[in-house]
Amino acid sequence: MAQGWESLRKDGIHDPRGPAVKDKQEPAEALSKLTPDTAGNMVRWVQALEKGEINPRASIRPGTKIQVYDSDVLLNVQGGMPIVRFPHRQHTEWLDCSNCHDHLFKAQAGANKLSMLAILEGEQCGVCHGAVSFPLTECFRCHSVPRPGQSLNTVPKTLPGGSIPPRSR
Ligand code: HEC
Ligand code: HEC
Ligand code: HEC
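Take a look at the structure:
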């Protein structure tokens, strides 16, 4: 728990003098019980869900159709980094199709022009990753399929377009 979680009194969001702050559960108390991660908010959410450590409500309204789609799509088949494997199952266990289709991505393999720069600017995968899901410093969680002779640890010093990749803390 090296980095830990900020106490509600110090998070800059809650009023430390307010009467309610003492009645709320501290993030450290809730989150330290879940499978740990080394980045973001320090919980490996996909594993926490798979192991049954959490059991979130699937919908707000009764009768909402839940659809889990189990299909992986390989994205940067041409690039120099390890290939990006986009897993539908791990996404659709949390998200409805309409979170992505079709306003972010056309539902057809290879039909979208994806780019790391756009992602770093908060578009495409970056709408969520780095905002509400694991951060963009975790290169190899997306670039997870090594090409022949490649290992999953060398981060290039510059990205296409010359920008510098974000560093993990
Ligand atoms: C949330 C998932 C995700 C994360 C995290 C991520 N990438 Fe990417 N990356 C992508 C996608 C998607 C593409 C676009 C694939 C394509 O070019 O069609 C891409 C493309 C790239 C490319 C250009 C294509 C290639 O393979 O040469 C580079 C370079 C790259 N990423 C480097 C990085 C580095 C370095 C990091 C970590 C600092 C990183 N990426 C983190 C998803 C991600
Ligand atoms: C988090 C975003 C996201 C969600 C949620 C999502 N998709 Fe996708 N989907 C993608 C991406 C990214 C691709 C790949 C597009 C490409 O290759 O350019 C894709 C591709 C597809 C494809 C074509 C490739 C294949 O697997 O046959 C279909 C069909 C598809 N999605 C259906 C669905 C359905 C049905 C749901 C809901 C049950 C869903 N998607 C939810 C992002 C998402
Ligand atoms: C609409 C929001 C959204 C978009 C867009 C999105 N993701 Fe995700 N992604 C999530 C959520 C939520 C999770 C599960 C929580 C977490 O791992 O942080 C997740 C999990 C993942 C995982 C599984 C991590 C694990 O631990 O197994 C991978 C890999 C991934 N995303 C890659 C991508 C790539 C590549 C793209 C773009 C093509 C993308 N995501 C676009 C929300 C999104």
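3 is the number of the first residue of the sequence shown in the working numbering; add one for each residue after it. Where is the CB? At the ideal position from N, CA and C, for every residue including glycine. Quick caveat, the model's predicted, so the values are computed rather than measured.
Report the option in the options whose CA atom is closest to the CA atom of residue i.
i	options	result
His90	Cys127, Val79, Thr66 and Ala120	Cys127
Leu154	Gly132, Cys102 and Gly82	Gly82
Arg2	Ile85, His105, Met118 and Val45	Shown here, the chain extends from 3 to 171; a query on residue 2 therefore has no answer.
Ile166	Val45, Gly112, Gly151 and Glu123	Glu123
Gln80	Ser117, Asp25, Ala32 and Ser135	Ser117
Ile62	Asp98, Lys12, Val48 and Leu36	Asp98
Pro21	Leu10, Glu52 and Trp47	Leu10
Ala30	Val45, Arg19, Asn101 and Asp17	Val45
Gln145	Asn78, Ser34 and Lys24	Note on residue identity: the sequence assigns His, not Gln, to residue 145. For the residues Asn78, Ser34 and Lys24, the minimum Cα distance to His145 belongs to Asn78.
Gln92	Glu28, Trp47, Leu106 and Arg19	Trp47
Gly112	Leu76, Ser100, Ile121 and Ala60	Leu76
Ile56	Gly65, Lys35 and Thr66	Lys35
Gly163	Glu28, Val23, Gln152 and Ile121	Ile121
If you follow the alpha helix (DSSP H) that residue i is in, where does it begin and where does it stop?
i	result
Leu33	Pro29 to Leu33
Phe136	Here Phe136 belongs to no alpha helix (DSSP H), and DSSP marks it neither H nor E.
If you check the beta carbons only, do residue i and residue j fall under 8 Å apart?
i	j	result
Pro158	Leu138	no
Phe136	Gly42	yes
Asp104	Phe88	no
Thr37	Gln49	yes
Glu8	Leu51	no
Lys108	Asn101	no
Leu161	Leu106	no
Tell me the residue span of the beta strand (DSSP E) that contains residue i.
i	result
Arg91	No beta strand (DSSP E) contains Arg91, which is instead part of the alpha helix (DSSP H) from His90 to Thr94.
Leu116	Neither: Leu116 is in no beta strand (DSSP E) and is coded neither H nor E.
Is the closest heavy atom of ligand 5 to the C-beta of residue i under 7 Å?
i	result
Thr94	In the structure on display, ligand 5 does not appear, and the ligands it does have are ligand 1, ligand 2 and ligand 3.
Kindly say whether residue i, judged by its beta-carbon, lies nearer than 8 Å to any beta-carbon of chain C.
i	result
Gly42	Among the protein chains of the structure shown there is no chain C, as only one such chain exists.
Segment contact, 8 Å Cβ cut-off, at least three pairs: the stretch 120-134 with the stretch 57-75: no
Which runs of the beta strand (DSSP E) spanning at least 3 residues fall entirely within the stretch 11-86, listed in chain order? 74-76
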